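For reference, the structure is listed below as structure tokens.
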Amino acid sequence: MRAPRFWMTERMGWRAALLMPAAMVYSAVAGQRFRRRPQWRADIPVICVGNPTVGGAGKTPMAQLVAARLAAMGRRPVFLSRGYGGRCTEPTVVDPERDVAAQVGDEALILAGQAPTVVAPDRVAGAKHARTLGDAIVMDDGFQNPALAKDLSILVVDSEAGLGNALPLPAGPLRLPLKAQLDRAHAVVLMGEGARAGDVESAADRLGRPVLRALLSAEADVATRLLGRPVIAFAGIGLPEKFFATLRRVGARPVECRAFGDHHPYSEQEATELLALSERYDAMLVTTEKDMMRLEGGAGSLARLAAETMMLPIRAVPQAASAAALDALLARTLDRHAARAQGA
1268 MRAPRFWMTE RMGWRAALLM PAAMVYSAVA GQRFRRRPQW RADIPVICVG
1318 NPTVGGAGKT PMAQLVAARL AAMGRRPVFL SRGYGGRCTE PTVVDPERDV
1368 AAQVGDEALI LAGQAPTVVA PDRVAGAKHA RTLGDAIVMD DGFQNPALAK
1418 DLSILVVDSE AGLGNALPLP AGPLRLPLKA QLDRAHAVVL MGEGARAGDV
1468 ESAADRLGRP VLRALLSAEA DVATRLLGRP VIAFAGIGLP EKFFATLRRV
1518 GARPVECRAF GDHHPYSEQE ATELLALSER YDAMLVTTEK DMMRLEGGAG
1568 SLARLAAETM MLPIRAVPQA ASAAALDALL ARTLDRHAAR AQGA
């Protein structure tokens, strides 16, 4: 589904007001669950990258960055993902050469291209499997799930969208009240150059949580091929407009942009329409890495769409001071876990 527009534009409009009773019930139930004690603590460090809202804040690129920094420190990171959009019911190691998004989820396929990746709806069962594949677990999402103890929790916030109307689901995009989430977080990453996350930064500062800054950057070699090119852009992610803005930033010329809901499963008809647009405008088709994962393995028009579409990967790039701060956070987390293990 696509996030309702009023989540971003109305503080307390009539739509949000109508949904506030349901939001209060949701917050009470989700908050009670969030406060539960962890069921299990792994014998290797668990680092969680989550976001306080639903939607595309850059969580997966940030998880990739964390894993890359751990690898640079000599660790063997393993990703743990719920596998949203997939069909796995038991812990499963993702095989990027064989699996498709309908089985394991689009985000898990991206992660598996970098490091071993386990998908599991049950985070504890998934972590028990992941610990056999490496010496540090990086969770992509799962911050609001209390079952698995985390050694480091990082919340990612899109600085252009902020918290939207700052109301809880379904009246707004917040998964839980911000303070409750910051109480459990160890650091906040503001992703992008926008100015709508000042309230998050202020709240984090009051609680003594370090605030890091990073940008989402397109891979340079692919971006160069798009310079000056007319493109048909399509995306089924949390915030498709961010992808379209990235294309314009790298010098592409979108002649039409098609936005779909997050994790959208493309149909034959939609593939046929996108291909027709490409022919009509004599423009290149381009999409996100997540969308390409959902196209691969299809047949008919879907297979043709995958073959004729360029994928533009996006990576999280921290500012210089934040890169050093992230490394320090990770090093302290590894040291604390080692000390705990020695004292056990």
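In this note's numbering, the protein residues as written are 1268 to 1611.
All residues carry an ideal CB built from backbone N, CA and C; glycine is no exception.
Predicted model only: the values in this text are computed from it and were never measured.
query	result
Distance, Cα to Cα, ARG1270 vs PRO1319?	For the record, residue 1270 in the displayed sequence is Ala; it is not Arg. In a straight line, the C-alpha of ALA1270 is about 15 Å away from that of PRO1319.
So what does ILE1421 bridge to, in DSSP terms?	VAL1316, ALA1454
Am I right that ARG1300 and PRO1413 are in contact with their C-beta atoms under 8 Å? What's the rounded C-beta distance?	7 Å
Report yes if the CB atom of ARG1308 is closer than 7 Å to the CB atom of ALA1416, and no otherwise.	yes
By alpha-carbon positions, which one of ALA1379, ALA1500, ALA1339 ends up nearest to PRO1578?	Looking at the sequence shown, residue 1578 is not Pro but Met. It is ALA1500.
Considering only their Cβ atoms, is the gap separating ALA1397 from VAL1345 smaller than 7 Å?	yes
For GLY1610, count the other beta carbons within 10 Å of its own beta carbon; 16 or more makes it buried, fewer makes it exposed. Which is it?	exposed
In the structure shown, what three-state DSSP assignment does MET1340 receive?	coil
Closest by CA to ARG1496, which one among ARG1599, LEU1474, ARG1515, GLU1556?	ARG1515
Compute the Euclidean distance between the alpha carbons of ARG1351 and ALA1526, then round it to the nearest angstrom.	For the record, residue 1351 in the displayed sequence is Tyr; it is not Arg. Taking the straight line from one Cα to the other gives about 19 Å.
What are the start and end residues of the beta strand (DSSP E) that includes LEU1542?	Element bounds for LEU1542: not the beta strand (DSSP E) but the alpha helix (DSSP H), 1535–1548.
Could you say which of VAL1467, PRO1328, ALA1295 lies nearest to ALA1583 if we only look at CA atoms?	PRO1328
Between which two residues does the beta strand (DSSP E) carrying PRO1444 extend?	Neither: PRO1444 is in no beta strand (DSSP E) and is coded neither H nor E.
So if DSSP puts ASP1407 in a beta bridge, which residue, or which two residues, is it bridged to?	VAL1316, SER1348
In whole angstroms, give me the CA-to-CA distance for PRO1435 and ALA1295.	10 Å
Judging by CA-CA distance, which residue of PRO1585, GLY1322, VAL1517, ALA1588 is the nearest neighbour of PRO1618?	The structure shown does not extend to residue 1618, since the chain spans only 1268 to 1611, so no value can be given for it.
Of all the beta strand (DSSP E) runs that stay within the bounds of the segment 1463–1547, which reach a length of 3 or more residues?	1478–1485, 1497–1502, 1520–1526
Starting from the C-beta of ARG1476, find all residues in its chain whose C-beta is less than 8 Å away, skip the five residues before and the five after it, and write them out in chain order.	LEU1449, ALA1452, HIS1453, ALA1454, VAL1455
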